[in-house]
Ligand SMILES: [Mg+2]
Ligand SMILES: [Zn+2]
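Residue numbers (the numbering used here), protein chains in the order written: chain Y, 1 to 99; chain L, 1001 to 1502; chain U, 2001 to 2498.
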């Protein structure tokens, strides 16, 4: 029986940038046992020597020529912006790390 | 307790690791067709892809792949027959997708090396820097911090984002750990970055302007007790933006680590930021809880599998390695060490070589470019290549002087004229009516006139006081508007006044 | 007229029996009439649809050569970007967002003169099998309004089965076209991965997503398939090859001498008896038409669901990271002094629904260091085994078949509290997605026990999409002549149908 503790869920939620109430954390943690049991079935087979497939079609080397095409206008680029100033996206203060 | 550098190296051995990010000079971005031109109005070089609008998809720029393979070959790397892009997941407002498309366990180039030479107490010594990997990724947007002091991120009320730089192709070059440099660690690091810069410039794949951020260095430093083989904790100094800063940052970090260790404290594994003004580093993000980037193969892109024949074609096109080229030119041109260093410092090697290839004498070509032309460039605050005088012009001027059609002094006027945009050297000569006065009759007339005007000085010379002739020669040159050959004037003047001319 | 097939409408338009504006108006009226009950649409743009229709009529009047679907109305799943039209992927986090660009599918529809009526409801970001996970409320199954139409393309499937549109576009990541087609008694095709451009398709799971057509007949579906398929240089995973001749195949419909493989693992336990009965009946019909029925074994399919529920959440945890309140979409929690990070946290909490959060967390876990090999890595290896199973099976048969869904349309609310039960709805459709091949669901009749539609699934190798239509058309023709009409004509009337 797999499980994921409330604290583990909280850590994952922080990594995924989703605020969660205490109730949500507890609820999700209780649901995760059966979900993890279901997906953990992938570990039942002996997969030694089996190649991983990350892309269903066997394709490679798909490139584009280095040619400039028109960009969006700044109005279009900013059309969905929750806030803007001086033709830039305005975002709340970025804490922690300098560039 | 402030330690001296000598104290540090007496006790500790530095271990280096260098990560260099290079912006490629492609026309379009890494995964979309927006322009990469520097300095555009904010958010004018963006599209659904580089803004990460819902539904948009990346497509790899072929030129970026080619440039990266060229870099790998120049750094003696293996080129992977099969490599992949991966997503590096972390949230940051300057990165629209909140993941960076990069490469992880399957980089396109790996296992290379670069040899650098530095001056040591025992003479020139070579160090080999081993390259772990060279991989492709994309740059982030630029944030402008508003409301805080000095536009810094700390204390800012909000930030403004411009995504013109988001998605510019980046190549990351990562060294293996570099032990064994001892007290020369800062110089070796600087020489390595300089060598990289020269190699990249020779490949013409990047503008390599550290001050504009197209070449950026992150320096990892740790110390271990001499004789120990246990690695110390490292700090990672970000975005060191000049060659001099590379040296200063490493020296500074070595001293800072040693002070901590001597005091029995621990070095924190963290990101630090180099401060140009103080030469010190400031603490950034702590890596105590290492970020979990959740790398996985980028499902929107397919593997890169460069054909062996293509790699060989690119290998055959590789330019001469900068260090070998310098050695070759130094020998061919018989340049003394000091002048060679000056030429490299002035970034004049290419332009001088081109001039020589057009037939100019190497010494003359070098003297013109590093002398008069450099002086004018400095005055105008321009690079040599930004002046309107070309190697072809300089070769022509050198040829005119050699043919006796110009004196050095007249040639300077021609250089001025060409730089002022008056045309080719022969056009300037024609327009300005510049001409060496070769007519002995005309010169004698001028000499007689000057000797009459300055009879007293002329008598001194007649009486054997030859050095006094200088003033008379000067006056004759003035009389002939500088168009006379000074040597011939001297010869004729001394003869006129009854003195031997050598 | 609205109960005609798209092919019939096309003929009427060509003959001048009706204009596209008239046809569009009839459908807009039908939407006004029944959509309050069905709730297939999130956004209907009548004015723009009528403008598009008028433009096609004008082109036709001027003698311009038009494609077969010019002037035919269509319902578009809200997962595809359409310039200037609200596009939400069924999520609150994108409420009101209007893309400044067209997805390639939309560009192709416009170029073909197809009239886009509006955007249809879906499980949020295509995560679900019932359309109950929409941020804007569920869609109801036209066959029984107390039941779900399946999902995630439930809105598109319901629109077509309720005669609100003759054609619709959906997307299929784990069965999201085929399963709702099955549950609403229509035809739905998930094309080969890479056959239809994903540019502008809001990503759920990049290596599994594929847009595809819905229609009430095999031929209609083929006609739409041909319009939207084809290579796109803006999608690096798009296949650079000619579009398979699906319309020709739908018109031929001959299965004589064809080998049809029944997948042992996709039947039996967990499959409703009425579903199994209709499936077996269809097999008998195909045999009577001259096909050879063989049994094939795909042992690793048993692990397909587990692999899917690792791969899709992992990719979605990364794909959905861009919804962060910085550049577009919802922004909440912007109190004084709030940091960008806290605004991201609070916006994603408010903007994402329960299932989306569940999958993001699951995917974040499966990709995190220390768990990658055990979960994501193993799932990618299972994927290889499934591809190998298919390869082997396709050496024994030209197409493979199974029931599309193990059950018929379920009640709204019945599975919404039990994620695992909901995940099982896709057990028969998921292997196709993992292998990147193509699949079709077409109506096989009604289950005796509940009188609800049953879907018959056909699978073909990559870029052999025409085989789906060839077999589908043969089976459809036999069933229609047996029933005396298309199955959809048996659907209950919803209102004052014109
Ligand atoms: Mg990097
Ligand atoms: Zn762009």
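Cβ atoms here follow ideal geometry from the backbone N, Cα and C, with glycine treated the same way.
As the structure is a computational prediction, the values presented were derived from the model and not from experiment.
Contained beta strand (DSSP E) runs [length at least 3] in the segment 2040-2088 of chain U, N- to C-terminal order: You should have 2041-2044, 2073-2077.
In the DSSP assignment, the alpha helix (DSSP H) including residue 2394 (chain U) goes from what residue to what residue? 2378-2396
Beta carbon of residue 76 (chain Y) nearer than 8 Å to that of residue 2100 (chain U): yes
Have a look at the DSSP bridge pairing and note the partners of residue 2499 (chain U). Given a span of 2001 to 2498 for chain U in the structure shown, any question on residue 2499 (chain U) remains unanswerable.
Is the segment 1013-1026 of chain L in contact with the segment 1216-1224 of chain L, if contact means three or more CB pairs nearer than 8 Å? yes
Range covered by the beta strand (DSSP E) that runs through residue 1170 (chain L): 1169-1175
Could you tell me whether any non-hydrogen atom of ligand 3 is closer than 7 Å to the CB of residue 1122 (chain L)? Ligand 3 is not part of this structure, which contains only ligand 1 and ligand 2.
Would residue 67 (chain Y) count as contacting chain U if we go by Cβ distances under 8 Å? no
8 Å Cβ shell around residue 2383 (chain U) - same chain, five flanking residues per side excluded: 2307, 2311, 2434, 2435
Taking only beta-carbon positions, decide if residue 1071 (chain L) is within less than 8 Å of chain Y. Chain Y, which has no Cβ nearer than 8 Å to the Cβ of residue 1071 (chain L), makes this no.
With C-beta atoms as the reference, is residue 2006 (chain U) less than 8 Å away from residue 2218 (chain U)? no
Report buried or exposed for residue 1089 (chain L), applying the criterion of at least 16 other Cβ atoms within 10 angstroms of its Cβ. It counts as buried.
Residue 1237 (chain L) by DSSP, collapsed to three states: which one? It is a strand residue.
Using the beta-carbon of each residue, which ones in chain U are nearer than 9 Å to residue 1029 (chain L)? By Cβ distance, chain U contributes nothing, its closest Cβ being about 14 Å from residue 1029 (chain L), past 9 Å.
Determine, for residue 1164 (chain L), whether the minimum Cβ-Cβ distance to residues of chain U falls below 8 Å. no
Confirm the yes/no value for this check: CB of residue 1206 (chain L), any heavy atom of ligand 1, distance under 7 Å. no
Using 8 Å as the Cβ pair cut-off and three pairs as the minimum, do the segment 4-11 of chain Y and the segment 24-32 of chain Y touch? yes
Under 8 Å between C-beta atoms, does residue 1016 (chain L) make it to chain U? No - not a single Cβ of chain U is within 8 Å of the one on residue 1016 (chain L).
Smallest Cα separation from residue 2299 (chain U): which of U:2056, U:2386, U:2277? Ranking U:2056, U:2386, U:2277 by Cα distance to residue 2299 (chain U) puts U:2386 first.
Please compile the residues from chain U whose C-beta is within a distance smaller than 7 Å of the C-beta of residue 135 (chain Y). This structure cannot speak to residue 135 (chain Y), because chain Y is shown only from 1 to 99.
List the residues that DSSP assigns as beta-bridge partners of residue 1117 (chain L). L:1126
Can you tell me whether residue 2353 (chain U) sits near ligand 2, meaning its C-beta is under 7 Å from at least one heavy atom of the ligand? For ligand 2, not one heavy atom lies less than 7 Å from the Cβ of residue 2353 (chain U).
Taking 8 Å as the threshold (C-beta atoms), are residue 2190 (chain U) and residue 2154 (chain U) in contact? no
Under 8 Å, with one C-beta from each stretch per pair, do the segment 2457-2470 of chain U and the segment 2391-2411 of chain U reach the 3-pair mark? yes
What is the DSSP secondary structure of residue 2255 (chain U), counted as helix, strand or coil? Of the three classes helix, strand and coil, the one that applies to residue 2255 (chain U) here is coil, per DSSP.
Which of helix, strand or coil does DSSP assign to residue 1451 (chain L)? Under the three-state reduction of DSSP, residue 1451 (chain L) is assigned to helix.
Is the CB-CB distance between residue 1115 (chain L) and residue 1126 (chain L) below 8 Å? yes
Where does residue 2095 (chain U) land, buried or exposed, given buried means 16+ other C-beta within 10 angstroms? In the assembly as shown, residue 2095 (chain U) is an exposed residue. Its beta-carbon has fewer than 16 other beta-carbons within 10 Å.
Closest Cβ-Cβ distance between residue 1055 (chain L) and chain U: below 8 Å? Interface residue, yes.
Below-8 Å beta-carbon distance, residue 91 (chain Y) vs any chain B residue: Chain labels in this structure do not include chain B; the protein chains are Y, L and U.
Would you be able to state if there are at least three C-beta pairs under 8 Å between the segment 2193-2208 of chain U and the segment 2103-2111 of chain U? yes
Return the residue from the list L:1203, L:1111, L:1323, L:1492 that minimises the CA-CA distance to residue 1071 (chain L). In terms of CA proximity to residue 1071 (chain L), L:1203 leads the group L:1203, L:1111, L:1323, L:1492.
Following the continuous alpha helix (DSSP H) through residue 1219 (chain L), name the residue where it begins and the one where it ends. Not the alpha helix (DSSP H): residue 1219 (chain L) falls in the beta strand (DSSP E), residues 1215-1225.
Would you kindly work out how many angstroms separate the C-alpha atoms of residue 86 (chain Y) and residue 1237 (chain L), rounded to a whole number? 32 Å
For the segment 17-35 of chain Y, which residues have a beta carbon sitting closer than 7 Å to at least one beta carbon of chain L? 17
Whole angstroms are fine: how far does the CA of residue 2342 (chain U) sit from the CA of residue 2325 (chain U)? 11 Å
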